[in-house]
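To start, the structure under review is shown below, and the notes come after it.
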Amino acid sequence: MGRAGTGTGGEAVAAVVAGPLLLLLLARPPPASAGDSGKSEVGLVSEHFSQAPQRLSFYSWYGSARLFRFRVPPDTVLLRWLLQVSRESGAACTDAEITVHFRSGAPPVINPLGTSFPDDTAVQPSFQVRVPLSAAPLSNASVNVSHPAPGDWFVAAHLPPSSQKIELKGLAPTCAYVFQPELLVTRVVEISIMEPDVPLPQTLLSHPSYLKVFVPDYTRELLLELRDCVSNGSLGCPVRLTVGPVTLPSNFQKVLTCTGAPWPCRLLLPSPPWDRWLQVTAESLVGPLGTVVFSAVAALTACRPRSVTVQPLLQSSQNQSFNASSGLLSPSPDHQDLGRSGRVDRSPFCLTNYPVMREDMDVVSVHFQPLDRVSVRVCPDTPSVMRLRLNTGMDSGGSLTVSLRANKTEMRNETVIVACVNAASPFLGFNTSLNCTTAFFQGYPLSLSAWSRRANLIIPYPETDNWYLSLQLMCPENAEECEQAVVHVETTLYLVPCLNDCGPYGQCLLLRRHSYLYASCSCKAGWRGWSCTDNSTAQTVAQQRAAALLLTLSNLMFLAPIAVSVQRFFLVEASVYAYTMFFSTPGEAVLCILSYDTLQYCDFLGSGAAIWVTILCMARFKTVLKYVLFLLGTLVIAMSLQLDRRGIWNMLGPCLFAFVIMASMWAYRCGHRRQCYPTSWQRWAFYLLPGVSMSSVGIAIYTSMMTSDNYYYTHSIWHVLLAGSAALLLPPPDQPAEPWACSQKFPCHYQICKNDREELYAVT
1474 MGRAGTGTGG
1484 EAVAAVVAGP
1494 LLLLLLARPP
1504 PASAGDSGKS
1514 EVGLVSEHFS
1524 QAPQRLSFYS
1534 WYGSARLFRF
1544 RVPPDTVLLR
1554 WLLQVSRESG
1564 AACTDAEITV
1574 HFRSGAPPVI
1584 NPLGTSFPDD
1594 TAVQPSFQVR
1604 VPLSAAPLSN
1614 ASVNVSHPAP
1624 GDWFVAAHLP
1634 PSSQKIELKG
1644 LAPTCAYVFQ
1654 PELLVTRVVE
1664 ISIMEPDVPL
1674 PQTLLSHPSY
1684 LKVFVPDYTR
1694 ELLLELRDCV
1704 SNGSLGCPVR
1714 LTVGPVTLPS
1724 NFQKVLTCTG
1734 APWPCRLLLP
1744 SPPWDRWLQV
1754 TAESLVGPLG
1764 TVVFSAVAAL
1774 TACRPRSVTV
1784 QPLLQSSQNQ
1794 SFNASSGLLS
1804 PSPDHQDLGR
1814 SGRVDRSPFC
1824 LTNYPVMRED
1834 MDVVSVHFQP
1844 LDRVSVRVCP
1854 DTPSVMRLRL
1864 NTGMDSGGSL
1874 TVSLRANKTE
1884 MRNETVIVAC
1894 VNAASPFLGF
1904 NTSLNCTTAF
1914 FQGYPLSLSA
1924 WSRRANLIIP
1934 YPETDNWYLS
1944 LQLMCPENAE
1954 ECEQAVVHVE
1964 TTLYLVPCLN
1974 DCGPYGQCLL
1984 LRRHSYLYAS
1994 CSCKAGWRGW
2004 SCTDNSTAQT
2014 VAQQRAAALL
2024 LTLSNLMFLA
2034 PIAVSVQRFF
2044 LVEASVYAYT
2054 MFFSTPGEAV
2064 LCILSYDTLQ
2074 YCDFLGSGAA
2084 IWVTILCMAR
2094 FKTVLKYVLF
2104 LLGTLVIAMS
2114 LQLDRRGIWN
2124 MLGPCLFAFV
2134 IMASMWAYRC
2144 GHRRQCYPTS
2154 WQRWAFYLLP
2164 GVSMSSVGIA
2174 IYTSMMTSDN
2184 YYYTHSIWHV
2194 LLAGSAALLL
2204 PPPDQPAEPW
2214 ACSQKFPCHY
2224 QICKNDREEL
2234 YAVT
């Protein structure tokens, strides 16, 4: 499938593709004759699609991957993905390997961290290619897909898993890796339509012939046959038929080679995809100078559905007299023929169709239930089929959950209920096989028995299509025991954004790519996985409590600056320290007093405001000016944190500005008094130098030593050092005096009070 592209500097980048999928999906561009070299093939047109580039991130959860969605038009015979990766030039940019995932119909389910999925989850390995980015600042790669499925195709790209080190934005050097995919589409405009049971003459020269046949609903089988084949270059019928589209990561495209095959050459497709056009490509195998003439015939076998009619159900629901076992079943006359030329299977009914109501609950949240709101009646003669409509284009971003529960009193020891969940068409061959495989889809099997009356299935990111749940009663040991048996099965069918809302150790987040919405889990407390159920690196409850206590008790160090502030009448400063002490609690742990986002914002705001007021208090401004600067600085810090909470300079900038103001005031006092300020060497030796040292060590730990593993220890040390430095750096009070002395009284009971410390007057 993958072919190397050439990057800048002459470096070739190969798309790595493993195993048999390479053989299945190897793009075969339409062959051209020797005399047609360089000319475009008649009947083919090319189209080009592109999307804006995105900056890649190191992978930590699904939100780290950058998702792209392309719409592939019908009758496309070749896709060519052009993958372009670029990076900045600089010492911070190192060699990297970008992983690109592809999938048709839904976003790819990826697992770069190798975590476990929840129980009963059906996951197909993602199809991916790797693009190395080393010496050259720009690399290109290309991936070809022949005969792709029309509709949505998704591309997801990311860098390798992220390191555990916590780096502050704007402080550590960064490198921008940018990814942009482009899509080149080759689409056929001259295509022959095959009518059921009508021979379609074809003449193959150097170019292939493109055919298509429409498969209506309730088609049981599709038979493709080549007749009256004549070749002037070899014996037999040297024709290769390619039937069906290519889908990723799985592929069930059928290839029929008629050379040496028994005559006539036939391909039988059980349960083909309903209500869509099926692509058929015929290629000659005799070379560019040979000619092959044949007739292609498509024969459809209709399925006779026995449907639960809607009107009796509605009436019985209103009268509250409907009995699920009464068998209000009738043949559906609307689906008993497939057109004027289709053959109808006059055998007994091939399925029992149960109408399903779709109830949209919320974004990427749907509830499916039988129209009568009761259980499904499962019989041994025909499969019971429910259609789940997930074809809106916005349903592929969640998880489809299927839960079945059989009636305990109706299940015998020798009976088994076999179920299949398939896309595009239901599985109907329970009597011949139990592998749940239709013409172009591998279904998901479920089973119920007397010993296991419950079965569950979880399908993350289901493909955009109609999904079908098929159930049938089987007696493997004695088929006669099932002739009169009937079992009622309760079905619980949901499409949810996240399974179990990511549990107690995760948060379900909705992600958006243009107008497309998809959901993913963001885990905490060391839990990982698709639904935060992988506890391989999780913290125990004792560890979570210890971390919470460590981070919380370390905040008690703020009692020291609070006490010093109150003793020296710095009440505003004491309030800021109390605010910081309250909100600087463990947000990454499960035990939280508020949501993590709120705690994190208040923690950053409190830390920045504490540093701001401490430095300005050391500058010893007049009271009114000091409080004005307190308020303005806190508002600026709050605004900068809202713009970019992780930007180190958004908080460090105001603090450096306050330090410049303090240094200017100290320099002014030194020049005005002609002596060093502060004047006392004890102040420098026992307060200022220890306080500056503690704050410097705390900043070094905060900016360069924190990792995800030691966060609880290093952040606790940061709390202790920050609070201790604030207690040491607060300035001492002025000369001892009664703080508020009233110098004069007026008969109108107003007092003019003098503040001896600040020489300001206030009316009280």
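Quick note on numbering: the sequence shown equals residues 1474 to 2237 in our numbering.
Beta carbons are placed, not taken as given, at the ideal position from N, Cα and C, and that holds for glycine.
Being a predicted model, the structure only gives us computed values, none of them experimental.
Subject >> Reduced DSSP secondary structure (H/G/I, E/B, other) of W2139 >> reply: Within the sequence shown, the letter at position 666 stands for residue 2139. It is helical.
Subject >> Helix, strand or coil at L1811 [DSSP, three-state] >> reply: As a first step, residue 1811 must be located in the sequence shown, where it is residue number 338. Only weak support is given to the placement of L1811: the predicted model assigns it a pLDDT of 46, under 50, and the value that follows is read from those uncertain coordinates. Three-state DSSP puts L1811 in coil, outside helix and strand.
Original post:
Nearest to S1519 by alpha carbon, out of Y1683, D1548, V1875 and S1876?
Top reply: Your numbering for residue 1519 matches position 46 in the sequence shown. It is D1548 whose Cα lies nearest to the Cα of S1519.
Subject >> Exposed unless 16 or more other CB atoms sit within 10 angstroms - verdict on C2149 >> reply: Here residue 2149 refers to the residue found at position 676 of the sequence shown. C2149 is exposed by the Cβ-count criterion.
Original post:
Nearest CA to the CA of N1864: which residue from C1710, T1572, L1873 and S1857?
Top reply: For the purposes of this step, residue 1864 is identified with residue 391 of the sequence shown, where counting begins at 1. For N1864, the nearest C-alpha among the options comes from L1873.
**OP:** Can you grab the Cα-Cα spacing for the pair A1649 / Y1532, in whole Å?
**Re:** Within the sequence shown, residue 1649 is the residue found at index 176, counting from 1. Within the sequence shown, residue 1532 is the residue found at index 59, counting from 1. Their backbone Cα atoms lie some 14 Å apart in a straight line.
**OP:** Jot down the residue ranges of each uninterrupted beta strand (DSSP E) in the region 1732-1777, minimum 3 residues, whole runs only, in chain order.
**Re:** 1738-1743, 1749-1757 and 1765-1775
**OP:** May I have the straight-line CA-CA distance separating K2227 from V2109, to the nearest angstrom?
**Re:** Your numbering for residue 2227 matches position 754 in the sequence shown. Your numbering for residue 2109 matches position 636 in the sequence shown. Confidence at K2227 is low in this model, with a pLDDT of 44, below 50, so the placement of that residue is unreliable and no value is reported for it.
**OP:** Could you say if the region 1602-1618 and the region 1920-1933 meet the contact criterion of at least three C-beta pairs nearer than 8 Å?
**Re:** no
Original post:
Is V1662 closer than 8 Å to P1745 when the C-beta atoms are compared?
Top reply: Here residue 1745 is taken as the residue at index 272 of the sequence shown, counted from 1. Here residue 1662 is taken as the residue at index 189 of the sequence shown, counted from 1. No.
Original post:
Based on Cα-Cα distance, which residue from P1737, L1742 and C1702 lies nearest to V1686?
Top reply: If you number the sequence shown from 1, residue 1686 lands on position 213. The candidate whose alpha carbon is nearest that of V1686 is L1742.
Subject >> Limits of the beta strand (DSSP E) - the one that E1963 falls within >> reply: Here the question's residue 1963 lines up with position 490 in the sequence shown. First-last of the beta strand (DSSP E) with E1963: V1960 to V1969.
Original post:
Quick one: what does DSSP say W1554 is sitting in, helix, strand or coil?
Top reply: Here residue 1554 is taken as the residue at index 81 of the sequence shown, counted from 1. In this structure, W1554 counts as strand in the three-state DSSP scheme.
Subject >> Span of the alpha helix (DSSP H), counted from its first residue to its last, around E2046 >> reply: As a first step, residue 2046 is located in the sequence shown; it is residue number 573 there, counting from the start. First-last of the alpha helix (DSSP H) with E2046: L2044 to F2056.
Subject >> Three-way DSSP call (helix, strand, coil) for M1947 in this model >> reply: As a working mapping, residue 1947 is identified with position 474 in the sequence shown. In the structure shown, M1947 sits in a strand (DSSP, three-state: E or B).
Original post:
Fully enclosed by the region 1877-1926, which beta strand (DSSP E) runs are 3 residues long or longer?
Top reply: 1889-1896 and 1917-1922
**OP:** Kindly indicate the opening and closing residues of the alpha helix (DSSP H) around L2032.
**Re:** Numbered from 1 along the sequence shown, position 559 holds the residue referred to as residue 2032. Run containing L2032: L2032 to Q2040, per the alpha helix (DSSP H) assignment.
Original post:
Taking the DSSP output, what are the residues bridged to H1521?
Top reply: The residue you call residue 1521 lines up with position 48 of the sequence shown. L1657.
Original post:
If you follow the beta strand (DSSP E) that S1704 is part of, which residue opens it and which one closes it?
Top reply: Indexing the sequence shown from 1 puts residue 1704 at position 231. Residues T1692 to S1704.
**OP:** Give me the Cα-Cα distance between D1845 and C1948, rounded to the nearest whole angstrom.
**Re:** Residue mapping note: residue 1845 aligns to position 372 of the sequence shown, counting from 1. Residue mapping note: residue 1948 aligns to position 475 of the sequence shown, counting from 1. Those two C-alpha atoms are separated by around 28 Å.
Original post:
Is it true that the CB of L1657 sits closer than 8 Å to the CB of L1673?
Top reply: Taking the first residue of the sequence shown as 1, we reach residue 1673 at position 200. Taking the first residue of the sequence shown as 1, we reach residue 1657 at position 184. Contact flag unset, no.
Original post:
Can you give the Cα-Cα distance for W2191 and P1610, rounded to whole angstroms?
Top reply: In the sequence shown, counting from the first residue as 1, residue 2191 sits at position 718. In the sequence shown, counting from the first residue as 1, residue 1610 sits at position 137. Going by the C-alpha atoms only, they are around 39 Å apart.
**OP:** Could you please give me the residues that DSSP links to W1626 through a beta bridge?
**Re:** The count along the sequence shown starts at 1 and reaches residue 1626 at position 153. W1626 pairs with F1543 and S1577.
Original post:
Do P2034 and Y2052 have their C-beta atoms closer together than 8 Å?
Top reply: Working through the sequence shown from its first residue, we reach residue 2034 at position 561. Working through the sequence shown from its first residue, we reach residue 2052 at position 579. No, the Cβ-Cβ distance between P2034 and Y2052 is not below 8 Å.
Original post:
Taking only runs of the alpha helix (DSSP H) that begin and end inside the region 1984-2035, which ones reach a length of at least 4 residues, in chain order?
Top reply: 2014-2026
Subject >> Bridge partners - H1631, DSSP secondary structure assignment >> reply: Here residue 1631 corresponds to residue number 158 of the sequence shown, with the count starting at 1. For H1631, which the question treats as bridged, DSSP gives the partners T1572.
Subject >> Among R1878, E1954, W2003 and H1961, nearest to Y2255 - alpha-carbon criterion >> reply: The requested residue 2255 does not occur in the structure, where the chain is confined to residues 1474 to 2237.
Original post:
Under a Cβ-count criterion, where at least 16 other Cβ atoms within 10 Å of its own Cβ denotes burial, should P1669 be classed as buried or exposed?
Top reply: Numbered from its first residue, the sequence shown carries residue 1669 at position 196. Buried is the call here.
Original post:
So does the region 1582-1594 actually touch the region 1549-1557, counting three or more Cβ pairs closer than 8 Å?
Top reply: no
**OP:** Tell me, please, which residues DSSP counts as bridged to M1667.
**Re:** Within the sequence shown, numbered from 1, the residue matching residue 1667 stands at position 194. Partner(s): V1686.
**OP:** List the whole-angstrom C-beta distance separating L1919 from A1892, where the pair is believed to meet the contact cut-off of C-beta under 8 Å.
**Re:** Against the sequence shown, residue 1919 aligns to sequence position 446. Against the sequence shown, residue 1892 aligns to sequence position 419. Sure, about 4 Å apart at Cβ, within 8 Å.
Original post:
Going by Cα to Cα distance, which pick from C1776, R1713, S1768 and L1751 is closest to V1759?
Top reply: Here residue 1759 is taken as the residue at index 286 of the sequence shown, counted from 1. If we check each option's Cα against that of V1759, R1713 comes out closest.
Original post:
Helix, strand or coil for G1976 per DSSP?
Top reply: Taking the first residue of the sequence shown as 1, we reach residue 1976 at position 503. Coil, per DSSP.
**OP:** Reducing DSSP to helix, strand and coil, say where Q2073 ends up.
**Re:** Within the sequence shown, residue 2073 is the residue found at index 600, counting from 1. In the structure shown, Q2073 sits in a helix (DSSP, three-state: H, G or I).
**OP:** State the Cα-Cα distance for the pair A2019 and T2187, rounded to the nearest angstrom.
**Re:** Residue 2019 sits at position 546 when you count from the first residue of the sequence shown. Residue 2187 sits at position 714 when you count from the first residue of the sequence shown. Rounded to whole angstroms, A2019 to T2187 spans 14 Å at the Cα level.
Subject >> Length of the line joining the Cα atoms of F2159 and L2201 >> reply: Start at 1 with the first residue of the sequence shown, and residue 2159 comes out as number 686. Start at 1 with the first residue of the sequence shown, and residue 2201 comes out as number 728. Cα to Cα, the separation comes out at about 8 Å.
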